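Trainee: Counting along the sequence shown from 1, when you hit position 36 you're at 870 in the numbering used here, and nothing is skipped either side. Think of the CB as a built atom: it goes at the ideal place given N, C-alpha and C, for glycine as much as any other residue. Please read these numbers as outputs of a predicted model, since none were measured by experiment. Got a structure here, written out as C-alpha cells. Questions coming.
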Amino acid sequence: ISEERGMNFDNVGLDLIGSARKVIVGKDETTIIEGAGAKKEVESRIGLIVAQSDNAQSSYDKSELDKRAAALSGKVAVIKVGGASETEIDEKKFRVDDAVAATKAALAEGIVAGGGVTLVNLANNIKTEGTDSVSAGKLILKNALKQPFVQIMKNAGLNSEALLAQVEAAKPGNGINVMTPEKGLIDVKKSGVIDPARVTKEAVQNSVSIASTAATMGALVVDIPEKEAAPSMGGGMPGMGMM
835 ISEERGMNFD
845 NVGLDLIGSA
855 RKVIVGKDET
865 TIIEGAGAKK
875 EVESRIGLIV
885 AQSDNAQSSY
895 DKSELDKRAA
905 ALSGKVAVIK
915 VGGASETEID
925 EKKFRVDDAV
935 AATKAALAEG
945 IVAGGGVTLV
955 NLANNIKTEG
965 TDSVSAGKLI
975 LKNALKQPFV
985 QIMKNAGLNS
995 EALLAQVEAA
1005 KPGNGINVMT
1015 PEKGLIDVKK
1025 SGVIDPARVT
1035 KEAVQNSVSI
1045 ASTAATMGAL
1055 VVDIPEKEAA
1065 PSMGGGMPGM
1075 GMM
C-alpha cells in the first residue's frame, strides 16, 4: 500500500488488509495474533524470505530475515524469567539463552544422542593400527572423544571407567541417563538426553583445530594453577587458656 502504486489507506478495503483475532499496537511494535491470511500465500512468502536469508551477506540481515520468517509462521514466543535475587535471575536467563540457542541449532541440523554417547560411538569407529605419527594422532583423538562422557559420569558420582566400557560395547545410541542411573543402559535419545548435532560437530572441529595448532608449536604459555594454602590452625578449643 503506497501512493507510488496509486493506493492509500483512504481507498483500501478489508480484502487487502486482511484480519486477525487480535492486534496489539504499541509505540515501537505491532503484534498480530492468529492472522487469517491465505495459507498458501503465507507459505510462499516464508519460502521467499528463507531463500533471502540463505543468501544474506551479513549476519544482521540474516538475523532480521529469520525473525520475519518466524513471525509469519507463528513460531514466536516470549519467555519471562523471574527469581528471588538478581543473581538467580541472571543464572536463569543464561540457561534460557543456552536452551534457545541449542533449540535453533537442533532445528537447523538435527539432534544426536547426548551425554557424550555420540562422541564415544565416534571414537569406536577410529582405527588406531600402526605406530607412526598418524596412528598416534588418531589415538589421541580417540581418547579425547571419550572424555566428555567420562567427565559427566564423574560429575554424577558414578563409576566412569566401568560405564565407559559398557557404552563402548553397547549398541550405538545406548548410554546412561545420570538422572536415572539405576536403569542401566538405555536409548538416551528416546529418554530425552540429546544434543544439537551442530554443537557436537563444532565442538570436535574447534578442539581439533586448537590441538593441531598446539602440536605444531615449540612451546605454549600457560598459567600454572596456584596451590591452595592449608587452612590455618585455630587458637585452641573454647575455654582453653594459652600455654
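Looking at Gly860 and Ala947, is the spacing between their C-beta atoms short of 7 Å?
Mentor: It is not a contact, given that the beta carbons lie outside the stated cut-off.
Trainee: Alpha carbon to alpha carbon, what distance is there between Ser853 and Lys1017?
Mentor: Lys1017 and Ser853: Cα-Cα distance of roughly 53 Å.
Trainee: Ignore the nearest five residues each way along the sequence and tell me which others in Ser1025's own chain have a CB closer than 6 Å to its CB.
Mentor: Same-chain partners within the cutoff: Asn1011.
Trainee: If we call anything under 7 Å between Cβ atoms a contact, is Gly949 one with Val1022?
Mentor: Their beta carbons are under 7 Å apart, which means Gly949 touches Val1022 by this criterion.
Trainee: Give the C-beta separation of Ala904 and Arg1032 to the nearest angstrom, bearing in mind that I take them to be a contact with Cβ-Cβ under 8 Å.
Mentor: Not a contact, Cβ separation roughly 18 Å.
Trainee: Please find out if some non-hydrogen atom of the ligand FAD comes closer than 6 Å to the beta-carbon of Glu922.
Mentor: By its list of ligands, the structure shown contains no ligand whatsoever, and the ligand FAD lies outside what it can speak to.
Trainee: Assuming Lys972 and Leu998 are in contact, meaning their beta carbons sit under 8 Å apart, how far apart are those beta carbons, in whole angstroms?
Mentor: About 18 Å; that fails the 8 Å criterion.
Trainee: Return the first residue and the last residue of the beta strand (DSSP E) that Val857 is part of.
Mentor: Here the beta strand (DSSP E) through Val857 covers Ala854 to Val859.
Trainee: So is Thr921 buried or exposed if we call it buried at 16+ other beta carbons inside 10 Å?
Mentor: Exposed, because fewer than 16 other Cβ atoms sit within 10 Å of the Cβ of Thr921.
Trainee: Indicate the three-state DSSP secondary structure (helix, strand or coil) for Glu868 in the structure shown.
Mentor: DSSP places Glu868 in strand when its eight states are reduced to three.
Trainee: Could you tell me if Ala918 is buried or exposed, where buried requires 16 or more neighbouring beta carbons within 10 angstroms of its beta carbon?
Mentor: Burial call: exposed.
Trainee: With 16 as the cutoff for other CB atoms within 10 Å, does Ala885 come out buried or exposed?
Mentor: The residue in question, Ala885, is exposed, as its Cβ has fewer than 16 Cβ neighbours within 10 Å.
Trainee: Which ranges does the beta strand (DSSP E) cover as unbroken runs of at least 3 residues, wholly within the region 914–951, from first to last along the chain?
Mentor: The qualifying runs are 945–947.
Trainee: Quick one: any contact between the region 980–995 and the region 951–968, if contact means 3 or more CB pairs under 8 Å?
Mentor: These segments touch.
Trainee: Apply the 10 Å Cβ neighbour rule to Ser836 and answer buried if 16 or more other Cβ atoms are within range, or exposed otherwise.
Mentor: By the 10 Å Cβ count, Ser836 comes out exposed.
Trainee: Please report the distance separating the alpha-carbon of Lys961 from that of Arg929.
Mentor: Those two C-alpha atoms are separated by around 38 Å.
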